[in-house]
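Participant: Before I ask anything, here is the structure I am working with.
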């Protein structure tokens with residue numbers, strides 16, 4: 083199954099490592115993680131100019147999403 087994470091982007095559910103709220107970026111560890119993976123070229127911003135609400139870590143990289151964690155969770159559970 084796939085999970086639509088915003089902006090015409092869907093990822094296989096089995097590739098998802100975690101879905102996190104952008105408010106977690108207040109943590110220095112999370113901010114450093116996103117900086118490192120960004121420098122390595124593993125971050126894709128799919129917000130399309132909208133406010134970033136969550137980030138999704140997958141086997142293939144990190145996606146910055148305009149969709150909230152709660153909505154992504156509902157979508158993931160609905161597809162089961």
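In the working numbering, the protein residues as written are 83 to 162. Each residue gets a CB set at the ideal place from its N, CA and C atoms; glycine is no exception.
1. Compute the Euclidean distance between the alpha carbons of residue 112 and residue 106, then round it to the nearest angstrom.
2. If you check the beta carbons only, do residue 129 and residue 150 fall under 8 Å apart?
3. Please name the residue or residues paired with residue 147 in a DSSP beta bridge.
4. Closest to residue 121 by C-alpha separation, out of 143, 103, 133, 132, would be which residue?
5. Whole angstroms are fine: how far does the CA of residue 84 sit from the CA of residue 123?
6. Does residue 128 come out as helix, strand or coil in the three-state DSSP assignment?
7. By DSSP's criteria, residue 93 is part of a beta bridge. Which residues make up the other side?
Facilitator: Checking against the coordinates, here is how it stands:
1. Roughly 7 Å between the two C-alpha positions.
2. no
3. 136
4. 143
5. 23 Å
6. coil
7. 85
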